[in-house]
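S.K.: Below are the structure tokens for one structure; questions will follow.
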Amino acid sequence: MPRANDEVARALNELAVLTEIEEANPQAFRVRAYQNGVRAVSGLSRDVSTMSAAELQQVKGIGKAIASKIREQVDTGRMGKLEELRQKYDPGLLDLLKVPGLGAKTVQLLNDVLGIKDLDGLRSAIDEGRLRDLPGLGEKTERNLKKALERLRETSHENRMPIARALPLAEEIVATLDLLPAVQQVEYTGSLRRFRDTIGDLDVLVASDDPEPVMAAFAELGLVREVIAQGPTRASVLTWDGLQVDLRVVEPAHIGAALVYFTGSKAHNIQLRERAIKRGWTLNEYALSDAETGAVIAGATEHEVYDALDLAWVAPEMREDAGEVQAAAAGELPDLVTVEDLRGDLHDHSDWSGDGRSSLDEMVAAAAERGLSYLAITDHAENLRINGVDRAGMLRQRKELAQLQERHPDLRLLHGAELNVGRDGSLDYDEQFLLGFHWCVASVHSHFRLEPDEQTERVVAAIRHPAVNVIGHLTGRRIGKRPGIELDVEAIFDACVETGTALEINCNLDRLDAAAEVVRDGAARGVTFVVSTDAHHTQELDYHRHGVRQARRGGLDKAQIANTWDTDRFLEWAGAKRSEVRT
DNA sequence: GCCGTTTTCGGCCCGACTGTTTTCAGTCG
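Each number in the working numbering corresponds to the 1-based position in the first sequence with 129 added.
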């Protein structure tokens, strides 16, 4: 996300929280409008500081008032309305709202009656037993808040978990519950099923006629540290590493509606419900049903629900209220790429790179086993001091690869390299040597903190190099660990289209780079993508399944992904750029 | 504050769980 968007989103979010306190109601329409604004800004790949108020208003969720607030923030560095509310409410109140169990109403009550303005104030009030006498509160609430405060100190609730940690955890929970005889179906849902980069909490959905043993088994999972809430069909637990996991059990006849409901996004669901209402129906987690008679119209499968609403089934990765409902209604959803569509992998390391773990022939054999049609070995080039391969090494590797090619006639092997984009956009080796490779990935591995125009310039220089076929992990981000370089993505798209250079979708869960919104916007501009594992070990060739979901989040059709093409077409395209230079 | 194949005004999703209530309010997702 461009830095300006990040700043604006933060300001709008604070505005939403303060307004929530002001109106003492999280449902207040103004609060929701601001929250929608945060989502709208976060979902833009374009830099908001370059957009006029009129252009901003074109974005769904941004109207006249929010557009002018954004311009004000960009032009003056402040937002009048926000400053006003900051004057009025103590910043500690924002911390109080983050305490699980405390909402706007109670925070205002605490402030008005007891003068509690921050976490310390709350702590002393609890210790002195002053909360229990407030209307609507009691000893139990006091105890719960005390616990919530302790928990807050250990695990920061606002830190979302990177998908690289959440997905394995979810798969483990799903696999364990799936073993129970009472469980007919179990899926993780929520933002993880939509394949967001980070996950706030984990949602698990079970279809069962007999919820009791499921609830019991869930609460007793080894990774559960504490049960936060537990009813007959719903429970929330906290894992040892601070992730909240919510379980919901529904009858098998309701699993379709429940999957829709719990997969979200919230905004996508609201779109569906509004559609239902217009037809005189209601949609909840149990079913789509007639509002008058209660007669069930659909609910057993997701497809049934979408179908009844005159919509094509929308893939979970696209359910972000970014126009997918309208597209589903018009029959204009993209035919999303699937993992079976991928025919090759184009960013792979061997132990010739210092960080590779499998040998060349192991990598090649593993790719052949998986039925790939082509494979590019792209070990690190020499400028990467620790891991790089020098010229002599690369030439030896090329010979070895040629021998392996004879043993694997059905797998076309390409000798490539992962080049390092230098601070000034320069690359390893020299142009003649680079043109000797079949396939070159160029990636940023250093100088992450340059200004956006410098970053853009160096990457564009790499894109313009005749030997470079694709830019690897565009920003170098590590989700939850390192933000990645800032770029003018529009300039990148233009250079890619002009030169016939692709952008990579890196399958590593730590990276998933380019980001989904960049993929979406780039595809609209005509950029070609490749989905590559960046495997450093044979097992990582299976990471295609992650990259494909990232591509689907970006709305990609297989036609836009070069490594779905058959070998001849792919080779012709890959060779086109460098042959232009030779002639 | 936003939005429009019924709308430029009048709507804006809905149910589980908890704790405090004898019928419901607040919070959460």
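The beta carbon of each residue, even a glycine, is placed where N, CA and C say it ideally should be. All values derive from a computational prediction rather than experimental measurement.
State the beta-bridge partners of Pro291 as determined by DSSP.
M.R.: As a working mapping, residue 291 is identified with position 162 in the first sequence. According to DSSP, Pro291 bridges with Thr327.
S.K.: Closer than 6 Å by C-beta to Ala664: which residues in its own chain qualify, once you throw out the five before and the five after it? Chain order, please.
M.R.: Looking up residue 664 in the first sequence gives position 535. Here the set comprises Asp477, Leu670.
S.K.: CA-CA distance, Val493 and Gln186?
M.R.: Locating residue 493 in the first sequence gives position 364, counting from the first residue. Locating residue 186 in the first sequence gives position 57, counting from the first residue. When rounded, the distance between both Cα atoms is 52 Å.
S.K.: DSSP three-state label for Asn398, please.
M.R.: Residue mapping note: residue 398 aligns to position 269 of the first sequence, counting from 1. DSSP places Asn398 in helix when its eight states are reduced to three.
S.K.: In the DSSP output, what is Phe658 paired with across the bridge?
M.R.: By one-based count along the first sequence, residue 658 stands at place 529. DSSP output for Phe658 lists Leu632, Ile690 as bridge partner(s).
S.K.: With DSSP collapsed to three states, give me the class of Asn516.
M.R.: Here residue 516 refers to the residue found at position 387 of the first sequence. Asn516 falls in the coil class under three-state DSSP.
S.K.: Would the beta-carbon of Glu633 fall within 8 Å of that of Ile600?
M.R.: Numbered from 1 along the first sequence, position 504 holds the residue referred to as residue 633. Numbered from 1 along the first sequence, position 471 holds the residue referred to as residue 600. In contact: Glu633 and Ile600 (Cβ atoms closer than 8 Å).
S.K.: What is the DSSP secondary structure of Ile600, counted as helix, strand or coil?
M.R.: Counting from one through the first sequence, the residue named residue 600 turns up at place 471. Here Ile600 sits in strand by DSSP.
S.K.: For the alpha helix (DSSP H) containing Ile150, name the first residue and the last one.
M.R.: In the first sequence, counting from the first residue as 1, residue 150 sits at position 21. Looking at the DSSP string, the run of the alpha helix (DSSP H) that includes Ile150 is 132 to 152.
S.K.: For the segment 270 to 282 against the segment 227 to 245, are there 3 or more C-beta pairs whose distance is under 8 Å?
M.R.: Because the criterion of three Cβ pairs below 8 Å is met, the segment 270 to 282 and the segment 227 to 245 touch.
S.K.: Could you name the residues of the same chain whose beta carbon sits closer than 6 Å to that of Ala680, not counting the 5 residues immediately before and after it, in chain order?
M.R.: Along the first sequence, read from residue 1 onward, the residue named residue 680 stands at position 551. Hits under 6 Å: Val466, Ile634, Val660.
S.K.: Alpha carbon to alpha carbon, what distance is there between Ala590 and Val573?
M.R.: Position 444 of the first sequence, counted from the start, is the residue given in the question as residue 573. Position 461 of the first sequence, counted from the start, is the residue given in the question as residue 590. Whole-angstrom Cα-Cα distance: 12 Å.
S.K.: By the three-class DSSP mapping on this structure, what secondary structure does His286 have?
M.R.: Taking the first residue of the first sequence as 1, we reach residue 286 at position 157. In this prediction, His286 has a pLDDT of 47, which is less than 50 and means its spatial position is unreliable; nothing more can be read from the coordinates.
S.K.: Looking at Leu556: is its Cβ nearer than 8 Å to the Cβ of His594?
M.R.: Reading the first sequence from its first residue, position 427 is the one you call residue 556. Reading the first sequence from its first residue, position 465 is the one you call residue 594. In contact: Leu556 and His594 (Cβ atoms closer than 8 Å).
S.K.: Would you report the Cα separation of Tyr218 and Ala140, rounded to the nearest angstrom?
M.R.: Within the first sequence, residue 218 is the residue found at index 89, counting from 1. Within the first sequence, residue 140 is the residue found at index 11, counting from 1. Cα to Cα, the separation comes out at about 15 Å.
S.K.: Roughly how many angstroms lie between the CA atoms of Ala427 and Lys234, to the nearest whole one?
M.R.: Residue 427 sits at position 298 when you count from the first residue of the first sequence. Residue 234 sits at position 105 when you count from the first residue of the first sequence. So the two alpha carbons sit approximately 37 Å from each other.
S.K.: Thinking just about the alpha-carbon of each residue, which of Asp332, Gly385, Pro342 is nearest to the one in Val312?
M.R.: Position 183 of the first sequence, counted from the first residue, corresponds to residue 312. Among Asp332, Gly385, Pro342, the Cα nearest to that of Val312 belongs to Pro342.
S.K.: With a cut-off of 8 Å on the beta carbons, I'd call Leu524 and His673 a contact; round off their distance for me.
M.R.: Here residue 524 refers to the residue found at position 395 of the first sequence. Here residue 673 refers to the residue found at position 544 of the first sequence. Not confirmed; about 30 Å, so no contact.
S.K.: Just the Cα atoms here: how many angstroms apart are Ala444 and Ala254?
M.R.: As a working mapping, residue 444 is identified with position 315 in the first sequence. As a working mapping, residue 254 is identified with position 125 in the first sequence. Near 49 Å, if we compare the C-alpha coordinates of Ala254 and Ala444.
S.K.: Extract the residue ranges of the beta strand (DSSP E) inside the segment 339 to 422, only unbroken runs of 3 or more that lie entirely within it.
M.R.: You should have 353 to 359, 363 to 368, 373 to 379, 410 to 412, 417 to 419.
S.K.: Within 10 angstroms of the Cβ of Val618, are there 16 or more other Cβ atoms? Answer buried if so, exposed if not.
M.R.: As a first step, residue 618 must be located in the first sequence, where it is residue number 489. Val618 should be labelled buried.
S.K.: Go ahead and label Gly554 buried or exposed: buried means 16 or more other beta carbons lie within 10 angstroms of its beta carbon, across all protein chains shown.
M.R.: One-based indexing of the first sequence puts residue 554 at position 425. Result: buried.
S.K.: Tell me whether Glu461 sits in a helix, a strand or coil according to DSSP, three-state version.
M.R.: Mapped onto the first sequence, residue 461 falls at position 332. Here Glu461 sits in coil by DSSP.
S.K.: Report the three-state DSSP secondary structure of Val677 (helix, strand or coil).
M.R.: What you label residue 677 is simply residue 548 of the first sequence in a count that begins at 1. Residue state, collapsed to three classes: helix.
S.K.: I need the DSSP call for Ile506, collapsed to helix, strand or coil.
M.R.: Indexing the first sequence from 1 puts residue 506 at position 377. DSSP places Ile506 in strand when its eight states are reduced to three.
S.K.: Hey, Leu542 and Leu533: beta-carbon distance below 8 Å or not?
M.R.: Indexing the first sequence from 1 puts residue 542 at position 413. Indexing the first sequence from 1 puts residue 533 at position 404. It is a contact, given that the beta carbons lie within the stated cut-off.
S.K.: Can you give the Cα-Cα distance for Asp450 and Leu401, rounded to whole angstroms?
M.R.: Residue mapping note: residue 450 aligns to position 321 of the first sequence, counting from 1. Residue mapping note: residue 401 aligns to position 272 of the first sequence, counting from 1. Each residue's alpha carbon lies about 10 Å from the other.
S.K.: Return the residue from the list Leu239, Glu213, Glu403, Leu281 that minimises the CA-CA distance to Gly265.
M.R.: In the first sequence, counting from the first residue as 1, residue 265 sits at position 136. Answer by Cα proximity: Leu239.
S.K.: Can you tell me whether Val167 is helix, strand or coil according to DSSP?
M.R.: Along the first sequence, read from residue 1 onward, the residue named residue 167 stands at position 38. In the structure shown, Val167 sits in a helix (DSSP, three-state: H, G or I).
S.K.: Please say whether Val177 and Ala133 have beta carbons closer to each other than 8 Å?
M.R.: Taking the first residue of the first sequence as 1, we reach residue 133 at position 4. Taking the first residue of the first sequence as 1, we reach residue 177 at position 48. Against a cut-off of 8 Å, the Cβ pair of Val177 and Ala133 comes out as a contact.
S.K.: Output the boundary residues of the beta strand (DSSP E) element that contains Tyr218.
M.R.: To locate residue 218, count along the first sequence from 1; it is residue 89. Where Tyr218 is concerned, there is no enclosing beta strand (DSSP E), given that its DSSP letter is neither H nor E.
S.K.: What's the C-alpha gap between Asp339 and Ala348?
M.R.: Here the question's residue 339 lines up with position 210 in the first sequence. Here the question's residue 348 lines up with position 219 in the first sequence. Spanning the two alpha carbons is a distance of roughly 16 Å.
S.K.: Excluding sequence positions up to five away, which residues of its chain have a Cβ less than 6 Å from the Cβ of Leu376?
M.R.: In the first sequence, residue 376 corresponds to position 247, counting from 1. Excluding residues within five positions, the ones whose Cβ falls inside 6 Å are Val333, Phe347, Ala364.
S.K.: Can you tell me the Cα-Cα spacing of Ile357 and Ala396, whole angstroms?
M.R.: Taking the first residue of the first sequence as 1, we reach residue 357 at position 228. Taking the first residue of the first sequence as 1, we reach residue 396 at position 267. C-alpha separation (whole angstroms): 27 Å.
S.K.: Can you tell which of Lys687, Gly565, Leu147 has its C-alpha closest to the C-alpha of Arg161?
M.R.: Within the first sequence, numbered from 1, the residue matching residue 161 stands at position 32. That would be Leu147, whose Cα lies nearest to the Cα of Arg161.
S.K.: Could you tell me which of Lys687, Tyr435, Glu469 sits nearest to Glu453, measuring between CA atoms?
M.R.: The count along the first sequence starts at 1 and reaches residue 453 at position 324. With distances taken between Cα atoms, Glu453 lies closest to Tyr435.
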